[in-house]
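One structure below.
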Amino acid sequence: MMGTEITRADFPYAELLTELDRSVQAIKEAAFALKRAAGGMQAVERNADRILASTRMLEINVSDLTGRPRTMASWTDDDGML
Amino acid sequence: MAGSDRYWNPIVETMPLEQLREVQLRKFRAIVSWAYEHSRLHRALYDEAGFRPDRLKVWSDAALVPKVDKAHMRGIQRKDPFPYGDALCVPLDRVTEFRQTSGTTGQAVYQGDTWQDWEWWAECWSYLLYAQGYRATDRVFLPFGYNIFVAFWAAHYAAEKMGMEVVPGGVLDTEARILKLQELRPTAMMATPTYVLGMAEKAKTMGIDPADDLQVRRITCAGEPGASIPSTKQRMEEAWGAKVYDHCGATEIGAWGFECEEQSGGIHVNEALFLAQVEDLETGELVEEPGRRGRLIITALDRIGMPCVRFDSKDVVEWAEEPCACGRTFRLFKGGVVGRADDITKVKGVLLAPSAIEEVVRSFPAFQEFEVEVTKKGDLDQITLRLELPAGYDGDQDELLSQLKHQLRLNTNLGYRVEVLEEGTLPRYALKAKRFKDLRKVGG
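Going down the list, the sequences are from chains A and B. Here the first sequence is numbered in the numbering used here, starting from 1 and rising by one per residue. Here the second sequence is numbered in the numbering used here, starting from 1001 and rising by one per residue.
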């Protein structure tokens, strides 16, 4: 059972969680895009990191419940995938 | 969404147990792997025990993961990456918060958190404050000087996150804090049980009755077990005319448990963010059934800077028989944390938990502050209980003391030497009260 996606049959909120997760991932992608485009500008990078830390809380409350792979460290997209 | 008025996250807080266990196991595997890959402390421990994270297949495998305790954490600190040492899992420049334990049981332990971890701390507290009825309309007063300890910092951040108005009450003396309560009319407050009672006592000397003259209707306690001790809770609730709630947490763990508005006599484990395992005090066997005490081994499922994986909290707990009427599927510990494995001591051959004495003393409204001292006279243990009685006490003191000794004998199976002191003689504590002193170990 481990690592399987939760389906509507398992859990009444499955559809809602999937929809919420899509929005959470969109925020995350946008924040990473912002960081990449910032060219080292701290005013952008550091604020984007804060958005990503908050986005991780959204993942804890939404995405982690769907069974999707988790990112542990919010500030990077290349060291935490397990 | 249904339940949004009662639960911070209605989906996970009412999730069917089977699904909740799946989520927990998936997250547990991830944090164990993270610790193994990024913490030299955890890798060394796991390698030494012949454990690898890929062995975690089913629920019962969780018990295979080696435990960590405070001694491990003390052993690694003050080394590189300074001062946290081998348990730090992130580059040092990702650490934004330093806290340390109070050092009550030995050398203080340093704790480094990333900003993500700090967001997570606030998330833990948001679950608990929402469960205790706090809402954006509350004005919350924190009569506490925030400092190097974690106490109430995360509560402050959570209250802000939830939209409350936060009044920081540090660097004020008790009188000034009471006047501020009168001036600003906060609806909620957070403090240690000892300080909650001390403030009420002080307010009365100022001619202010907290229950009638102040607007605090909700109090959350931390730092000591008092809010889960029925007689102490009752005394606080009567003094303030407020509901008093308990919560459980620790610097190295996070805020892992909370009492909800139902006040069902237990503490919910926040099973969205923590995995709680209870082990028999003697055998270490996993305890799943209600009614049997054990020590809490706990994992913070989402804390990454310095992970807390299978941490031996030394808290003594017992699963409750019935689920809570609040509708949460998060399990309950009956009576909260009922003691500390390192606090429970043998006196005259009988196991004694200091909280059992507090429960009895606080059930007698006449007594104010108290302290307990265990000494050795020759080969015999002796317990002295010192109590403050108000100067104007007009009851029969001998009868009162006789009832107290009788109740203590019933609850703890021990006899006590009782000394009555004048009101105001014993120290008042703002953080962790030290009322139980075992002087046998220091040659007393």
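Every residue gets a Cβ at the ideal spot worked out from N, C-alpha and C, and that includes glycine. On a predicted model such as this, the values are computed, not experimentally measured, just so you know.
Backbone CA spacing between residue i and residue j [nearest angstrom]
i	j	result
B:S1402	B:V1350	21 Å
A:A31	B:D1113	22 Å
B:W1034	A:D77	15 Å
B:V1309	B:R1043	12 Å
B:M1236	B:A1272	30 Å
B:E1259	A:A37	46 Å
B:R1026	A:A43	36 Å
B:P1010	B:R1040	37 Å
B:G1339	A:E29	46 Å
A:E59	A:N47	18 Å
B:V1032	A:L34	31 Å
B:Y1046	B:D1005	43 Å
B:L1408	B:Y1416	8 Å
B:C1326	B:G1003	11 Å
B:K1377	A:R56	58 Å
B:I1229	B:F1144	22 Å
B:K1348	B:K1233	30 Å
B:T1101	A:G67	35 Å
B:D1312	B:P1066	10 Å
B:S1126	B:A1154	9 Å
B:H1247	B:L1301	18 Å
A:S23	B:E1022	23 Å
B:A1250	B:C1089	19 Å
B:Y1245	B:E1358	17 Å
B:D1438	B:P1081	37 Å
Run of the alpha helix (DSSP H) containing residue i, from where it starts to where it stops
i	result
A:V62	Careful: A:V62 lies outside any alpha helix (DSSP H) and carries neither H nor E.
A:L17	14 to 37
B:V1309	Where B:V1309 is concerned, there is no enclosing alpha helix (DSSP H), given that its DSSP letter is neither H nor E.
B:P1244	With the sequence shown as reference, residue 1244 of chain B is identified as Val, and Pro is not the correct amino acid for it. Unbroken run through B:V1244 is the beta strand (DSSP E), 1243 to 1250; no alpha helix (DSSP H).
B:R1235	1230 to 1240
B:D1047	1040 to 1049
B:K1070	1070 to 1076
B:V1012	1010 to 1013
Own chain residues within Cβ distance below 7 Å of residue i, not counting five before or after
i	result
B:R1303	D1117, W1120, G1254
B:E1160	V1166
B:M963	Only positions 1001 to 1444 of chain B appear in the structure, and residue 963 of chain B is not among them; the question remains open.
B:L1197	R1235, M1236, A1239
B:Y1393	A1366
Cβ neighbours of residue i in the same chain (closer than 8 Å, five flanking residues each side left out)
i	result
B:Q1290	The amino acid at residue 1290 of chain B is misidentified as Gln; the sequence shows Pro. Cβ within range, chain order: E1318, W1319, A1320, E1321, K1334.
B:R1029	P1053, L1056
B:I1208	I1178, Q1182, L1214
B:H1156	L1142, Y1146, V1166, P1168
B:N1270	C1124, Y1127, L1128, A1255, W1256, G1257, F1258, F1330
B:L1421	R1386, L1387, E1388, L1389
Residues near residue i in its chain [Cβ-Cβ closer than 6 Å; skip 5 each side]
i	result
B:S1363	S1231
B:G1241	A1211
B:Q1368	E1388, E1423
B:V1287	V1278, D1280, G1294
B:N1411	A1356, V1360
B:D1086	R1040, L1041, I1076
A:S74	L52, A53, R56
B:V1418	L1385, L1401
Start and end residues, beta strand (DSSP E) containing residue i
i	result
B:A1276	1274 to 1280
B:T1299	1294 to 1300
B:K1405	That residue, B:K1405, is in no beta strand (DSSP E); its alpha helix (DSSP H) goes 1397 to 1412.
B:W1256	1254 to 1258
B:Q1382	1380 to 1389
B:D1438	1436 to 1438
B:L1286	Run containing B:L1286: none; DSSP gives neither H nor E here.
B:V1418	1417 to 1422
B:T1220	1218 to 1221
B:V1065	Element bounds for B:V1065: n/a, residue is neither H nor E.
B:V1269	1266 to 1269
Any non-hydrogen atom of the ligand SAH closer than 7 Å to residue i Cβ
i	result
B:L1400	This structure simply doesn't include the ligand SAH, nor any ligand for that matter.
Name, going along the chain, the residues of the region 34 to 55 of chain A whose beta-carbon falls closer than 9 Å to a beta-carbon of chain B. D49, R50, L52, A53, S54
In the region 1286 to 1312 of chain B, which residues sit with their C-beta less than 8 Å from some C-beta in chain A, listed in chain order? D1302, I1304
For the region 1085 to 1143 of chain B, which segments carrying the beta strand (DSSP E) assignment without a break, of at least 3 residues, lie completely within its bounds, in sequence order? 1095 to 1100, 1110 to 1114, 1139 to 1142
Of all the alpha helix (DSSP H) runs that stay within the bounds of the region 1324 to 1372 of chain B, which reach a length of 4 or more residues? 1354 to 1362
Could you please tell me which residues of the region 1403 to 1418 of chain B, in chain order, have their CB closer than 9 Å to any CB of chain A? none
Write down every uninterrupted run of the beta strand (DSSP E) in the region 1139 to 1214 of chain B whose length is 3 residues or greater and which is fully enclosed by it, in chain order. 1139 to 1142, 1165 to 1168, 1188 to 1191
Contact residues within the region 1004 to 1018 of chain B, judged by C-beta distance below 8 Å to chain A: N1009, I1011, V1012, M1015, P1016
Residues of the region 1080 to 1097 of chain B whose Cβ lies closer than 8 Å to any Cβ of chain A, in chain order: V1090, R1094
Using a Cβ cut-off of 7 Å, which residues of the region 1053 to 1077 of chain B contact any Cβ in chain A, in chain order? none
Against chain B, which members of the region 10 to 23 of chain A pass a CB distance test of less than 8 Å? D10, F11, Y13, L16, L17
Using a beta-carbon distance cut-off of less than 9 Å, what residues from the region 1021 to 1037 of chain B approach chain A? E1022, V1023, L1025, R1026, K1027, R1029, A1030, I1031, S1033, W1034, E1037
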